[in-house]
Each structure stands twice: as C-alpha cells, then as structure tokens.
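Q: Can you read through this structure? Questions will come right after.
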Amino acid sequence: MEIPKLIDDKENFADYLLRIPAELKHVPEDIIRTWFWYHNEQAVEFSKFYDFTKWKFTAKAFTNDQILEIRHYEYYLKLLDGKGDEFLKGRMKGYDTADYMLANGTFPEPILVVENGSIHKHHHSIEDETMLEPYHIIEGQRRLAFVRAMIRVEHPKLKASHRVWVATIED
19 MEIPKLIDDK ENFADYLLRI PAELKHVPED IIRTWFWYHN EQAVEFSKFY DFTKWKFTAK
79 AFTNDQILEI RHYEYYLKLL DGKGDEFLKG RMKGYDTADY MLANGTFPEP ILVVENGSIH
139 KHHHSIEDET MLEPYHIIEG QRRLAFVRAM IRVEHPKLKA SHRVWVATIE D
C-alpha cells in the first residue's frame, strides 16, 4: 500500500497524520513523523517496495551492545561510520539531531530496524541481497551513525540505552 504524498511542502504533520489510511494506523506516530512525513518523497517510493500493512512494530530499549548488532551492507556501514566521525569532530554543529545527540547521548526519536528479515529485500539491496540479521537499519541511518561513533569513543554523554522501533514482517 502506497503511503500518502504530501499535498505540498507546507503540509504540517497534524494534517498529514489525518490522511494516513486505516490500514496503516498501526504504524507508530514516531515513524510516520520521522519517515513518512519528514522524508516523504523517499518514503512514498519505498512504500511501493514495502508492504507496511504486514509490518508489526514493537518499541524496545537497546543497550549499546545491541546497537552495535544493528547491521547494514558493508559499503553503507562504512559511509555511516564516516558520518559518525564527522559528527565527533564537530563538523555537524547547527544540525539539530547532532546537537541533540551530543547534549543527550541518545536519539531524539527512535530509529527503525527490521528483526530477522533475511528473507526480505532492503530498499538499498543490490541484486539478490536480502536484509541482514539480527537487525537491519531501515530509518534513522544518520542517528545510528552518530550513536555508533559515541559508542566507539565511549563518549561521556552516551546513555546506556536507546529507544528503537523493531519491526517484523509477516510473510
């Protein structure tokens, strides 16, 4: 099921939320806001690829060790770790998410991962690649990069746990 496109770039979140179809009311508001609405053009494209009616979401708190179990394809993970290094060097000052994470040691909004999704393709899959286990990052890649960097250097503000939406996909 395709998610709704923004009416225009000025549509506020409250109005957008009202247009979410009944079949997608199970999607957490955090995900609707940070992905469907904020990254709408991308999310609309991905909704042609993913059937969100088959996704089940569970809110969890991940330890730093569990955060490091979140996977992505090697080439993307290298890019993310590079972003994390830039973040630690202070090259993202003024970027709200980076500022928040440096001050608070965790995400401003939960990231989204798929658990045990190895029979499913990821939107970044190339050819026959499927999702990696135990968890594959779906939304919040930059936030994941930042917290991974904080974990690597044992940043003094780093929290012991982080909010994560864990999705499972029904066949």
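Per our numbering, the very first residue in the sequence shown carries number 19; after that it's consecutive.
Here a beta-carbon is modelled for each residue, glycine too, at the ideal position from N, C-alpha and C.
With DSSP as the reference, label residue 131 as helix, strand or coil.
A: Residue state, collapsed to three classes: strand.
Q: From which residue to which residue does the beta strand (DSSP E) around residue 74 run?
A: Start and end: 73 to 81.
Q: Secondary structure at residue 88, three-state DSSP: helix, strand or coil?
A: If DSSP states are grouped into helix, strand and coil, residue 88 belongs with the strands.
Q: Mapping the DSSP letters down to three states, classify residue 178 as helix, strand or coil.
A: Three-state DSSP puts residue 178 in coil, outside helix and strand.
Q: For the beta strand (DSSP E) containing residue 153, name the first residue and the last one.
A: Where residue 153 is concerned, the enclosing beta strand (DSSP E) stretches over 153 to 157.
Q: Do the stretch 55 to 63 and the stretch 91 to 100 touch if we need at least three Cβ pairs shorter than 8 angstroms?
A: With the cut-off at 8 angstroms, the stretch 55 to 63 and the stretch 91 to 100 do not touch.
Q: Could you say if the stretch 133 to 150 and the stretch 98 to 116 meet the contact criterion of at least three C-beta pairs nearer than 8 angstroms?
A: Short answer: they don't touch.
Q: Measuring straight from C-alpha to C-alpha, what distance separates residue 184 and residue 26?
A: Each residue's alpha carbon lies about 30 angstroms from the other.
Q: Return the first residue and the last residue of the alpha helix (DSSP H) that residue 64 is part of.
A: Where residue 64 is concerned, the enclosing alpha helix (DSSP H) stretches over 58 to 65.
Q: Is residue 102 buried or exposed, if buried means 16 or more other CB atoms sit within 10 Å of its CB?
A: Buried is the call here.
Q: When burial is assigned at 16 or more other CB atoms within 10 Å of the CB, is residue 171 buried or exposed?
A: Classification of residue 171: exposed, given that the 10 Å Cβ count is below 16.
Q: Given a threshold of 16 other Cβ atoms within 10 Å of its Cβ, counted over all protein chains shown, does residue 37 qualify as buried or as exposed?
A: Burial call: exposed.
Q: Quick check: residue 42 and residue 70, are their CB atoms within less than 7 angstroms of each other?
A: Result yes, Cβ atoms of residue 42 and residue 70 sit closer than 7 angstroms.
Q: Would you tell me roughly how many angstroms separate the C-alpha atoms of residue 178 and residue 188, rounded to the nearest one?
A: When rounded, the distance between both Cα atoms is 31 angstroms.
Q: In whole angstroms, what separates the C-alpha of residue 80 from that of residue 64?
A: Cα-Cα distance, rounded: 26 angstroms.
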